[in-house]
Every structure is written in structure tokens, then in C-alpha cells.
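Participant: Sequential numbering from 231 applies to the sequence shown in our numbering. Quick one: structure below, then a few questions.
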Amino acid sequence: MDSETPKPNEGDAALPTAVAKPKGALSLLGRLALLGVASVATLMAVVLGIPDDNDYARATLLKHDRLSTLPGKKIVLVGGSNLSYGMDSTLIERETGCPAVNMGLNGYFGVRYLMREVADDVKPGDIIVIAFEWDSFGKPIEGSGKDLYAIVKTNPAAIAYLTPQQIGEAVSAIPFVAQSKLLRIGNQAARGELFMPKGDNLLDKLIEVESFKSFAPTGDLVGHKGVTWTGDIEEGTKLYQTGIDPTVVPAIKAYAKAMEAKGVHVVMSYTPTMRHYYAANKTQIDSVHTALTTGPDAVKAPRPPSDYVFDESLFFDTVYHLKAETRHLRVQQVVGDLRTTLKDAATCPKSN
231 MDSETPKPNE
241 GDAALPTAVA
251 KPKGALSLLG
261 RLALLGVASV
271 ATLMAVVLGI
281 PDDNDYARAT
291 LLKHDRLSTL
301 PGKKIVLVGG
311 SNLSYGMDST
321 LIERETGCPA
331 VNMGLNGYFG
341 VRYLMREVAD
351 DVKPGDIIVI
361 AFEWDSFGKP
371 IEGSGKDLYA
381 IVKTNPAAIA
391 YLTPQQIGEA
401 VSAIPFVAQS
411 KLLRIGNQAA
421 RGELFMPKGD
431 NLLDKLIEVE
441 SFKSFAPTGD
451 LVGHKGVTWT
461 GDIEEGTKLY
471 QTGIDPTVVP
481 AIKAYAKAME
491 AKGVHVVMSY
501 TPTMRHYYAA
511 NKTQIDSVHT
521 ALTTGPDAVK
531 APRPPSDYVF
541 DESLFFDTVY
551 HLKAETRHLR
561 VQQVVGDLRT
571 TLKDAATCPK
581 SN
């Protein structure tokens, strides 16, 4: 009888090795997953833990609260920072009898978001005044991911106003937001300013102007009242180089048509613009007006962009931001546009 222990064949010998490989792969995947979770946690800790420059984004909560709670007929101002800086909603109410809410904010949120965010809170008889900076016609309609993220972070309900693409861009911007915060903290530490109170430099002055406390209950920014800006004037997008985004005008027309079908009036009252900027981009700006006001889906825009051009002395810090002391000129334009376009529908009864 042969007592020699049988030797495993080559296939049997290879089996334990083959079984070990998945275990090693799974272990590696587990470690990578753990590293990914740790990285995301660290990223969110930076984004959520390190405070923003200021609390400016909180103004969106104030604006939406007023938008959703105003009784009766109202005027809703839709656009960017040209409205937040350059509008006096109390004066609009005095002239029309209609309470107004100024939805304007500084940041590039895109035309699509700015229109969409008010759509659910307007009702038949309400008036929407659209005033986008000319930059909005030369940039992507979807807006900036980092600015959209800032809004959603402050007001999570705002995610309902975003398209899937915008949500993706907002999420993709999180690493950039984290990096920006770390760089800011690092630079402040390097200069020995990390725990110092705010100073009188231009950046600190602008941060003070653009803070939540600088907003009136109507949504108007009033922090620049009495402030003299000594820095450079921020220029707008060079439309003569970028051209006009072909998706913006059709989107505005479609929106106006949808709102009118709902019984809501929509009027274009263009942004105030510094004279030299309009002169440099006149061809592109005027082409937008022509496109908006022609065809069966023409939008109500009673006056051309050239009527909204002002001298540099009336502006604060950009080619679009009026000084607080010159806002009444803009109000006169808006009220005039409403009366020209809507006649009696531009006013509200005293009981409103």
C-alpha cells in the first residue's frame, strides 16, 4: 500500500491564490472608499466650518419671505445687483400704490435661476419687472456654480429652482469654495490679520456695504448710502468680444409668455448703464433689444437701452451700480415704463 500523501495538482494549488485576489482587491477598494469619505468630510468641514466673508447671501431669505407673504397685487423686480444697488422700492410703492420686492443680488446666478425663483410666488395681476445686467447676455444662462452653491447653502429650498445641470455645477464648485476659504484664511494669517477687526481698506468697505444688515425689508441694498467709493470702477463683460449667448433672449421670451398666460404682467426695464460701457458695446446691446421686441413673442420693452445710459458721476463702484443718492432717477424710469406699457394696470388701489 502506497502511504505517500497525494500531491495537489496544479489547479488545486492555484485555487487559494485565486481566492486571495478578490480579498485584496476588496480591501483596496475599502481603503479607497474610506479615503474618499474622509476627503469629502474634510472638504465639507472646511466649506461649512470656515465662515464666509460676510452674511450677504442671507438677503435671499429676506427677499423670498417678502415675496411669498405680500398680500394683494405686487411688483417684483427681477435681475442682478443693478437692482439691489439702484432701486428704491418704497418710492415705487409711493408712485404706484403697489408694494414692491427687490429680488436683485450681487453674483452671477444666471438668467434662468433669476426668473425661475419668483415664478411660483406670483399670481394674476402681479407685475414682474426684468432688468438684467448686460453681462447676463454674454455669459452662460445657467450661471456660476459657486454662486448657485452659496444661495443653496443659505436657502436649501432654492434647489427647487435649479436645473439638474445647475445642481451639478453647484456641487462641482464645492472644492473651489473650500480652496478659496483656505487661501483667504492663509493670506490673512500671513499678514497677521486673522484676528484683527475689519479695517478701512476698500475690500473691507465693500464687504461692509454688501452685508445682510445693509438690506432694507423691501430687498433694496442701502449700505452704500453716504459712502464714497474711491476704488476702480468694475467694468462689465466685453460683449463686443464674447458676443451674445443665443439662448438668453429665447428664454426670456418663453418666460414672459408663460407668465402672461398665468395673468402676470412682464415688462423689460433695462439696467442703468455707464455711458462709456454702452458706447463700447452698443451694437451687441441694441441687438438684444431688437431681438426681444420683434416677432409674435415680443416682450414688452417700452424704451431702448440708450434711454438707460447715465454719466459716470451717478454710479457707485461698477458700470451698473447707481449711488444710493441717484436711485430716484431709476425709479422714475421704471414707473414710467409701467405706466406706458400697462396703463391703469400699473397701479394698485389704496386698499391693496
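From the three backbone atoms N, C-alpha and C, an ideal C-beta is built for every residue, glycine too.
Can you tell me which of the three DSSP states I360 falls into?
Facilitator: strand
Participant: Out of T290, G337, D285 and I358, which one is the CA nearest neighbour of Y485?
Facilitator: I358
Participant: Determine, using beta carbons only, whether T577 and T320 come nearer to each other than 7 Å.
Facilitator: no
Participant: Just how far apart, CA to CA, sit V565 and G461?
Facilitator: So the two alpha carbons sit approximately 32 Å from each other.
Participant: Are the beta-carbon atoms belonging to V331 and L292 less than 7 Å from one another?
Facilitator: no
Participant: Going by beta carbon distance, what residues of the same chain come within less than 7 Å of Y379, once the five residues before and after it are set aside?
Facilitator: A400, A403, I404 and V407
Participant: Select from F339, N336, Y338 and F362 the residue whose C-alpha is nearest the C-alpha of V518.
Facilitator: F362
Participant: Give me the residue from L300, L432, T472 and A287 with the minimum Cα distance to V457.
Facilitator: L432
Participant: Taking a contact to mean a Cβ-Cβ separation below 7 Å, would you say Y550 touches T501 in this structure?
Facilitator: yes
Participant: Can you grab the Cα-Cα spacing for the pair A250 / L259, in whole Å?
Facilitator: Annotation note: pLDDT 49 at A250 (below 50); position unreliable, coordinate value reported separately. Computed Cα separation, rounded: 14 Å.
Participant: Is DSSP giving S331 helix, strand or coil here?
Facilitator: Residue identity check: residue 331 is Val in the sequence provided, not Ser. Of the three classes helix, strand and coil, the one that applies to V331 here is strand, per DSSP.
Participant: Nearest by alpha-carbon distance to D434: which of D475, Q395 and G453 is it?
Facilitator: Closest option to D434, Cα to Cα, is G453.
Participant: Contact between the segment 520–540 and the segment 489–509: three or more CB pairs below 8 Å?
Facilitator: yes
Participant: Work out the CA separation of G368 and A481 for me, nearest whole Å.
Facilitator: 14 Å
Participant: On the three-state DSSP scale, how would you describe H495?
Facilitator: strand
Participant: Please classify A509 as buried or exposed, where buried requires at least 16 neighbouring CB atoms within 10 angstroms.
Facilitator: exposed
Participant: With DSSP as the reference, identify every bridge partner of G309, one or two as the case may be.
Facilitator: A361
Participant: In chain order, what residues of the same chain have a beta carbon less than 8 Å from the beta carbon of D232, not counting five sequence neighbours either side?
Facilitator: Below a pLDDT of 50, predicted positions are generally treated as unreliable, and D232, at 49, falls in that range; the measurement from the model is reported next regardless. Cβ within range, chain order: n/a, list empty.
Participant: I need the boundaries of the alpha helix (DSSP H) containing R560, first residue and last residue.
Facilitator: R557 to L572
Participant: May I ask you to report which of helix, strand or coil DSSP gives M504?
Facilitator: strand
Participant: Keeping to the same chain, check which residues put their C-beta closer than 7 Å to that of E234; ignore five residues upstream and five downstream.
Facilitator: Interpretation of E234 is limited by its pLDDT of 49, a score under 50 that renders its predicted location unreliable; the figure taken from the coordinates is listed afterwards. Answer for E234: no residue qualifies.
Participant: Excluding five sequence neighbours on each side, which residues of the same chain lie with their C-beta closer than 7 Å to the C-beta of E323?
Facilitator: Here E323 has P329 and A330 as same chain residues with Cβ atoms under 7 Å from its own Cβ, once five neighbours each way along the sequence are excluded.
Participant: Quick one: residues in its chain with C-beta nearer than 7 Å to the C-beta of A554, no 5 flanking neighbours on either side, listed in chain order?
Facilitator: V452, H454 and K455
Participant: State the beta-bridge partners of V539 as determined by DSSP.
Facilitator: T503
Participant: Could you tell me whether the Cβ atoms of G340 and I371 are closer together than 7 Å?
Facilitator: yes
Participant: With a CB to CB cut of under 6 Å and the five nearest residues on each side skipped, what residues in its chain are close to G375?
Facilitator: Close CB contacts of G375 within its chain, under the 6 Å cut and outside five residues either way in sequence, are with E399, A400, S402 and A403 (chain order).
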